[in-house]
Amino acid sequence: MFIKNKYDVVVIGGGPGGLAAAIEAKKGGAEDVLVIERDVELGGILLQCIHNGFGLQTFKEDLPGPEYAQRFINEAKSLGISFLLDAMVMDVTSQRKLYVSSQDFGYVEIDALAIVLAMGCREKTRPQVRIPGTRPNGVFTAGTAQRWVNVEGYMPGKNFVILGSGDIGMIMARRLTFEGAHVERVLEIQSYLSGLSRNYVQCLEDWDISLQLQHTVKRIIGKNRVEAIEAVVVDSHWNYIPGTEEIIPCDTLLLSVGLIPENELSKKAGVAIDPVTGGPYVDEKFQTNIPGIFAAGNVVHVYDLVDYVSMAGVGAGKSAAEFALAEKERSARYIPLVPGKNVRYIVPHRLDKRALEKGDVSLQMRVSKPIEEDVWLEVRNQNNSIVRRSERYVRPGEMVTIVLKPNMADELEKSDSLIVDIYPKSEV
Amino acid sequence: MEEKNFICTACPTGCRLIVRMEGDEVVKILGNRCRKGETYGRQEAISPQRMVSSTVRVANGFHPLLPVYTKGAIPKRRIAEVLEKIRAVEVQAPLSAEDVIISNVIGTGVNVVASRDMPAKE
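Those protein sequence lines, which keep their order, are chains B and G.
Quick note on my numbering: the first sequence kicks off at 1 and runs consecutively.
Quick note on my numbering: the second sequence kicks off at 429 and runs consecutively.
Below, the structure is given as structure tokens:
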């Protein structure tokens, strides 16, 4: 495989949103589609979501995350989409230029006719929820623990407390129990469950793991390793209720306290971000405020079902292909104006083949050398002369103009380029 | 008449089910919004079933673990036994999604299969 410097559609992120977008862009007629992924393999976070429950809408099957991803990966590969793995997009511009650092190809600059942002989201961490106490080892996000347990083969601890009733937190409560750990309980600051009810049933209720609503962690205790947390009951404004504190011994605290769309790159391209969702403002085609830059999946807003992420990817991919094809068609209509005999330059430099449908176009130019006798100014294409007029002389200091008229539209349509020559009549 | 309350897990909607029982027999299911809910409620009242997913060790794999899952639901009370069987397995890469890792696990008639392709280590 090699990396080109121009693609019709470039998708940033090889998770469910990005894969669906790339597949749809390719099916929608984009010829060169590239997916750039920072991990060493495609699939995104689905690869660590080994529990079932994915694909009920998309495939009418109950699949685990990796298999849901696998089906999209297989389809993307069969369609001839290009992949750049183990690569970071360092910058994107509003002109749809990408600056990429890749393990295999080094530093690469890529121009895209359309871009789909599909960077997903990331977890909130301890600083974002401001948990007081010491700073020992043993405080992880639920997703980090999930990666360790399901992909890398490490157990993050033995005795767990989980803060937050998000889906990943509940799923990890069950998963850790399966792997022989003890999950003491799940604390949720709000008065309601923040994840799906089905996960409460299958992950907590089934395994007698207690969920305490309106509870939070007041303090983390431990020097080198977490030794305990201090739980506390909160009121409806999340204020601690004095006297309700409880020390819960544990060696690990997992945080499942929300996700944030990952939009550092989007901002670099000038994409406007909705402060409520944390993701780009998009229209019904998933286009951001920057023409040709689309966005889909958790980078736009946090979804609860991957099936919906894939659907958004399909929408964005389709729109990106449409945009890229229109852009291609538009640029294919342009032909260059080539300075011929004794012409130094011509303005405009290029011309829309359909320009004469809307009226006259004047070509302005300067000659390279003076000719102090009668001259022909002639515009021609690869086959025929299109227009010719005479002047009594030409001089570099005096601009020369030739006007193209609507009656020349047919000949212009057949042209690959227009050449302008200026030469003495005596030479003919 | 006895009433059992469940939250349906057949899909992410999470319907609240009321299952009316007479002895061991289900006589009425309320609260479901689709047929799946009816099936789930009936099953849950009589003998709860779950799909199980976990990982097995892989020799010579791109990753040290291969995610696996039961291709169908198995009795909830037997999950621990299934996990024990899964834990004892080590497989050899390369493998493909849906490859059978344990067939007919503990006589349930359900296979444990790979959740993804697992290429060999380069």
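For each residue, glycine too, the CB sits at the ideal point set by N, CA and C.
Computed from a predicted structure; not experimentally measured.
Close CB contacts of G:T437 within its chain, under the 8 Å cut and outside five residues either way in sequence, are with Y468 (chain order). In this structure, B:L187 keeps its C-beta atom at 9 Å or more from the C-beta atom of B:L204. Taking a beta-carbon distance threshold of 9 Å, G:R478 counts as an interface residue toward chain B.
Membership of B:F59 in any beta strand (DSSP E) is not indicated, and neither H nor E is assigned to it by DSSP. Close partners of B:F178 in chain G (Cβ separation under 7 Å): S482, L511. With contacts defined as CB atoms closer than 9 Å, B:P127 and B:V309 fail to qualify as a contacting pair.
One thing to note: B:G317 has its Cβ within 9 Å of the Cβ of B:E24. Only those residues of the region 152 to 173 of chain B whose C-beta falls short of 9 Å from the nearest C-beta of chain G are listed: E152, G153. Proximity to B:S362 across B:I346, B:I371, B:E372, B:R354 peaks at B:I346, based on C-alpha coordinates. Ranked by Cα distance from B:R130, the options B:S197, B:Q214, B:L255 are led by B:L255. Counting C-beta pairs with one atom in each stretch, the region 77 to 93 of chain B and the region 40 to 49 of chain B have three or more that are closer than 8 Å, which means they touch. In chain order, D206 make up the part of chain B whose C-beta sits under 8 Å from the C-beta of G:K504. Only buried fits B:D167, as 16 or more other CB atoms lie within 10 angstroms of its CB. Look at G:E518: its C-beta is not under 9 Å from any C-beta on chain B. One Cα belongs to B:E245, the other to B:A181, and the distance between them is close to 25 Å. Looking at the DSSP output, B:V89 shares a beta bridge with B:V100.
Residues of chain G whose Cβ lies closer than 7 Å to the Cβ of B:D62 are, in chain order, M479. Going by DSSP, B:L79 is part of no beta strand (DSSP E) at all; its letter is neither H nor E. Nearest CB-CB separation between B:H215 and chain G: not below the 9 Å threshold. For G:I435, the beta-bridge partners assigned by DSSP are G:R444. With a 10 Å radius around the Cβ and a threshold of 16 neighbouring Cβ atoms, B:N298 comes out buried.
The Cβ of G:E526 sits closer than 9 Å to at least one Cβ of chain B. Closest option to B:V375, judged by alpha-carbon separation, among B:R388, B:G18, B:E357: B:R388.
In the structure shown, the three-state DSSP call for B:D304 is coil.
Here the region 464 to 478 of chain G makes contact with the region 435 to 451 of chain G; the two share three or more CB pairs at distances below 8 Å.
Taken atom to atom, the span from the alpha-carbon of B:L56 to that of B:Q212 is near 30 Å. DSSP places B:F294 in the uninterrupted beta strand (DSSP E) bounded by 293 to 295. For B:Q146, the number of other beta carbons within 10 angstroms of its own is at least 16, and it is reported as buried. Spatial neighbours of B:S101 in its own chain (CB-CB distance under 7 Å, excluding positions within 5 residues in sequence) are listed in chain order as A87, M88, M90, Y107.
Beyond the five residues adjoining it in sequence on each side, G:G442 comes within less than 8 Å, by CB distance, of I435, C436 in the same chain, given in chain order. For B:P127, the uninterrupted alpha helix (DSSP H) segment begins and ends at 126 to 129. Among the residues of chain B, none has a CB under 8 Å from the CB of G:Y468; the nearest is roughly 10 Å distant. Taking all protein chains in view, the Cβ of B:M170 is crowded by 16 or more other Cβ atoms within 10 Å, so the residue is classified as buried. If you draw a straight line from the Cα of B:A30 to the Cα of B:P336, it comes to about 25 Å. Around the beta-carbon of B:G13, 16 or more other beta-carbon atoms lie within 10 Å, marking it buried.
Taking a Cβ-Cβ threshold of 7 Å, the residues of chain G close to B:Q70 are A525, R544, D545, in chain order.
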